[in-house]
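A.B. asks:
Laid out in structure tokens, this is it:
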């Protein structure tokens with residue numbers, strides 16, 4: 016049993032198990048794999064902006080030293096305020112990364128973090144060299160700030176957001192720092208959008224050095240970029256992983272899905288976006304395949320319809336601003352707090368005294384959302400019934416098989432007694 020399972024009693028094998036069990040196996044013995052890609056995507060979430068001085072951002076710093084500084088910077092107040100849900104999970108992973116020989120010779124060569132309310136931008140990227148001779152560039156997904164969610168909204172309506180431009184410049188600079196190395200690019204959630212956007216936007220001579228682009232349940236790039244010649248040059252290198260109840264990675268004009276991954280909790284759609292909940296095989300270091308499930312498909316179809324029907328971005332913007340105001344009024348300081356009390360926030364928005372035009376836009380956006388959700392409920396019920404029917408069929412088949420086994424065992428026992 017893994018050290019992680021002993022301490023935390025997970026009912027399934029996950030990313031922690033891989034790092035704890037295989038962390039001392041060098042790349043020369045076990046080549047880079049999909050689980051290493053998840054590790055790289057997690058590294059972008061470490062708040063290095065709190066521990067690196069500006070002068071250090073383009074100097075080589077060994078990864079173990081970075082992790083030591085990160086762990087040493089933590090305190091109870093900080094952990095409670097910054098990435099509340101992910102903080103403990105990152106710490107558990109970092110405990111192992113601190114001594115894992117597989118990553119111990121990695122060096123951080125670049126880091127950048129910029130957040131701007133006025134530009135509706137939340138960006139962070141990290142670049143590091145790996146022991147297999149490659150360069151890894153990883154982009155952070157949406158953090159626990161309201162400006163990050165405003166940027167997500169922009170991605171549904173405009174062909175370009177400032178963070179995508181920063182991602183492109185960051186990738187080019189990192190590749191210039193290591194001109195002899197091939198590169199892998201990573202990003203979870205919004206970071207997946209940044210990864211694909213940057214890989215598409217750099218000149219073709221840089222694209223030739225790309226091995227893979229890993230979009231981990233990542234947001235789609237705009238339709239115009241996806242249909243461009245530049246995207247066509249790298250589309251075969253894009254690897255999109257989504258959980259079985261995926262919503263984020265299936266929105267808008269998403270990339271072709273490479274693999275649907277089994278994940279927990281089985282009936283909690285948005286918790287499956289957390290890659291620590293993705294299932295790793297018990298027998299090999301691979302993600303366990305699955306199929307897309309009805310609830311995730313329901314929310315995806317509903318939200319995609321909502322975006323199409325709400326053609327005026329100002330309506331959604333008004334709704335988002337009203338929800339942020341409601342969160343502040345209720346004492347919620349982060350989006351996580353607001354999501355946890357979603358019904359209460361919406362109820363507060365409905366009763367909020369807004370100017371007439373803003374009220375009209377908020378109501379229009381909410382009505383469109385409710386309409387989209389209601390329109391897809393019959394299909395959801397149909398698919399859920401089909402899944403339940405298939406489940407009962409498998410259970411019946413298992414019972415029949417078990418009955419045959421029991422009968423065979425009884426016959427063998429009777430034959431032995433007769434002899």
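Numbering (our numbering), first residue to last: 16 to 434. Ideal Cβ positions, reconstructed from N, Cα and C, are used throughout, including at glycine.
1. In the DSSP assignment, what are the bridge partners of residue 153?
2. According to DSSP, is residue 389 helix, strand or coil?
3. What span of residues does the beta strand (DSSP E) with residue 229 cover, start to end?
4. When you compare only the Cα positions, how much space is there between residue 26 and residue 32?
5. Please report the straight-line C-alpha distance between residue 164 and residue 235, rounded to a whole angstrom.
6. Rounded to the nearest angstrom, what separates residue 228 and residue 323 at their Cα positions?
7. May I have the straight-line CA-CA distance separating residue 214 from residue 198, to the nearest angstrom?
8. If you count every other CB in all the chains shown that lies within 10 Å of the CB of residue 205, and 16 or more means buried, which is it?
9. Please check the pair residue 66 and residue 88, which I expect to be a contact at CB under 8 angstroms, by giving their CB distance rounded to whole angstroms.
10. Residue 420: buried (16+ other C-beta within 10 angstroms of its C-beta) or exposed?
11. If you draw a straight line from the C-alpha of residue 285 to the C-alpha of residue 161, how long is it?
12. Among the candidates 241, 245, 201 and 237, whose CA atom is the shortest distance from the CA of residue 219?
13. Count the other CB atoms within 10 Å of the CB of residue 433; is the residue buried (16 or more) or exposed (fewer)?
14. DSSP three-state call for residue 431: helix, strand or coil?
15. With a threshold of 16 other CB atoms inside 10 Å of the CB of residue 5, please say whether the residue is buried or exposed.
16. Give me whichever residues DSSP pairs with residue 215 in a beta bridge.
17. When you compare the CB positions of residue 116 and residue 76, do they come within less than 8 angstroms of one another, or not?
18. In angstroms, rounded to a whole number, what distance separates the CA positions of residue 428 and residue 409?
19. By a C-beta neighbour count over all protein chains shown, 10 Å radius and 16 as the cutoff for buried, is residue 103 buried or exposed?
20. How would you call residue 385, buried or exposed, if buried means at least 16 neighbouring beta carbons within 10 angstroms?
21. Just to confirm the assignment, what range does the alpha helix (DSSP H) spanning residue 271 have?
22. Taking just the CA atoms, how far does residue 151 sit from residue 293?
23. For residue 90, does the count of other Cβ atoms within 10 angstroms reach 16, so buried, or fall short, so exposed?
24. Alpha carbon to alpha carbon, what distance is there between residue 128 and residue 98?
25. Mark residue 40 as exposed unless 16 or more other C-beta atoms lie within 10 angstroms of its C-beta, in which case mark it buried.
26. Taking C-beta to C-beta, are residue 253 and residue 230 nearer than 8 angstroms?
27. Among 338, 283, 362 and 275, which one has its Cα closest to the Cα of residue 49?
28. Enumerated in chain order, which unbroken segments of the beta strand (DSSP E) with a length of 3 residues or greater are wholly contained in the region 249–318?
29. Taking the alpha-carbon positions, what's the residue 136 to residue 177 distance?
30. Could you tell me the boundaries of the alpha helix (DSSP H) in which residue 83 lies?
31. Within 10 angstroms of the Cβ of residue 325, are there 16 or more other Cβ atoms? Answer buried if so, exposed if not.
32. Give me, in chain order, the residues of the same chain whose beta-carbon lies closer than 8 angstroms to that of residue 337; leave out the 5 immediate sequence neighbours on both sides.
33. Using 8 angstroms for Cβ pairs, my map puts residue 109 next to residue 86. What's the rounded Cβ distance?
34. For the beta strand (DSSP E) holding residue 448, just list the boundary residues, first then last.
35. Hey, could you find the ends of the alpha helix (DSSP H) residue 116 is sitting in?
36. Does the beta-carbon distance from residue 53 to residue 290 come in below 8 angstroms?
C.D. replies: In terms of the structure at hand:
1. Reading the chain shown from its first residue, position 138 is the one you call residue 153. 141 and 201, per the DSSP bridge assignment.
2. As a first step, residue 389 must be located in the chain shown, where it is residue number 374. Note: residue 389 maps to helix in three-state DSSP.
3. Here residue 229 refers to the residue found at position 214 of the chain shown. Taken as a continuous stretch (DSSP letters only), the beta strand (DSSP E) holding residue 229 covers 225–231.
4. Indexing the chain shown from 1 puts residue 26 at position 11. Indexing the chain shown from 1 puts residue 32 at position 17. Approximately 12 angstroms between the Cα atoms of the pair.
5. The residue given as residue 164 occupies position 149 in the chain shown. The residue given as residue 235 occupies position 220 in the chain shown. Rounded to whole angstroms, residue 164 to residue 235 spans 15 angstroms at the Cα level.
6. Mapped onto the chain shown, residue 228 falls at position 213. Mapped onto the chain shown, residue 323 falls at position 308. Annotation: residue 228 to residue 323 spans about 28 angstroms, alpha carbon to alpha carbon.
7. Indexing the chain shown from 1 puts residue 214 at position 199. Indexing the chain shown from 1 puts residue 198 at position 183. C-alpha separation (whole angstroms): 10 angstroms.
8. Residue 205 sits at position 190 when you count from the first residue of the chain shown. Classification for residue 205: buried.
9. Within the chain shown, numbered from 1, the residue matching residue 66 stands at position 51. Within the chain shown, numbered from 1, the residue matching residue 88 stands at position 73. The pair is a contact, with the Cβ atoms about 5 angstroms apart (cut-off 8 angstroms).
10. Indexing the chain shown from 1 puts residue 420 at position 405. So residue 420 ends up on the exposed side.
11. On the chain shown, residue 285 is found 270 positions in, with the first residue counted as 1. On the chain shown, residue 161 is found 146 positions in, with the first residue counted as 1. Taking the Cα positions, residue 285 is about 18 angstroms away from residue 161.
12. By one-based count along the chain shown, residue 219 stands at place 204. Residue 245 is the option with its Cα nearest to residue 219.
13. Position 418 of the chain shown, counting from 1, holds the residue named residue 433. Per the 10 Å Cβ criterion, exposed.
14. Against the chain shown, residue 431 aligns to sequence position 416. Reduced to three states, the DSSP call for residue 431 is helix.
15. Outside the modelled stretch of the chain, which goes from 16 to 434, sits residue 5, for which no answer is possible.
16. Translated into the one-based positions of the chain shown, residue 215 becomes position 200. Answer is none; residue 215 lacks a bridge partner.
17. In the chain shown, the residue the question calls residue 116 occupies position 101. In the chain shown, the residue the question calls residue 76 occupies position 61. Cβ atoms of residue 116 and residue 76: not closer than 8 angstroms.
18. On the chain shown, residue 428 is found 413 positions in, with the first residue counted as 1. On the chain shown, residue 409 is found 394 positions in, with the first residue counted as 1. In a straight line, the C-alpha of residue 428 is about 28 angstroms away from that of residue 409.
19. Here the question's residue 103 lines up with position 88 in the chain shown. With fewer than 16 Cβ atoms within 10 Å of its Cβ, residue 103 is classed as exposed.
20. In the chain shown, residue 385 corresponds to position 370, counting from 1. Residue 385 is exposed by the Cβ-count criterion.
21. As a position in the chain shown, residue 271 is number 256, starting the count at 1. From DSSP, residue 271 is part of no alpha helix (DSSP H); its letter is neither H nor E.
22. In the chain shown, residue 293 corresponds to position 278, counting from 1. In the chain shown, residue 151 corresponds to position 136, counting from 1. Going by the C-alpha atoms only, they are around 22 angstroms apart.
23. The count along the chain shown starts at 1 and reaches residue 90 at position 75. Answer is exposed; the Cβ neighbour count stays below 16.
24. On the chain shown, position 83 is the one that residue 98 refers to. On the chain shown, position 113 is the one that residue 128 refers to. Per-residue confidence for residue 98 stands at a pLDDT of 49, beneath the threshold of 50, marking its modelled position as unreliable; no derived number is given.
25. Translated into the one-based positions of the chain shown, residue 40 becomes position 25. Under this definition residue 40 is an exposed residue.
26. Residue mapping note: residue 253 aligns to position 238 of the chain shown, counting from 1. Residue mapping note: residue 230 aligns to position 215 of the chain shown, counting from 1. Yes, the Cβ-Cβ distance between residue 253 and residue 230 is below 8 angstroms.
27. For the purposes of this step, residue 49 is identified with residue 34 of the chain shown, where counting begins at 1. When the alpha-carbon of residue 49 is set against those of 338, 283, 362 and 275, the nearest one is in 275.
28. 253–258 and 274–276
29. As a working mapping, residue 136 is identified with position 121 in the chain shown. As a working mapping, residue 177 is identified with position 162 in the chain shown. When the Cα atoms are used, residue 136 and residue 177 turn out to be separated by approximately 6 angstroms.
30. Residue 83 sits at position 68 when you count from the first residue of the chain shown. Residues 78–88.
31. Taking the first residue of the chain shown as 1, we reach residue 325 at position 310. Answer is buried; the Cβ neighbour count reaches 16.
32. Position 322 of the chain shown, counting from 1, holds the residue named residue 337. Excluding sequence neighbours, residue 337 sits near 364, 367, 369, 373 and 377.
33. Numbered from its first residue, the chain shown carries residue 109 at position 94. Numbered from its first residue, the chain shown carries residue 86 at position 71. About 6 angstroms; that satisfies the 8 angstroms criterion.
34. Residue 448 lies beyond the stretch modelled for the chain, which goes from 16 to 434, so this question has no answer here.
35. Position 101 of the chain shown, counted from the first residue, corresponds to residue 116. Segment 116–119, the alpha helix (DSSP H) holding residue 116.
36. Numbered from 1 along the chain shown, position 38 holds the residue referred to as residue 53. Numbered from 1 along the chain shown, position 275 holds the residue referred to as residue 290. In this structure, residue 53 lies near residue 290, with their beta-carbon atoms less than 8 angstroms apart.
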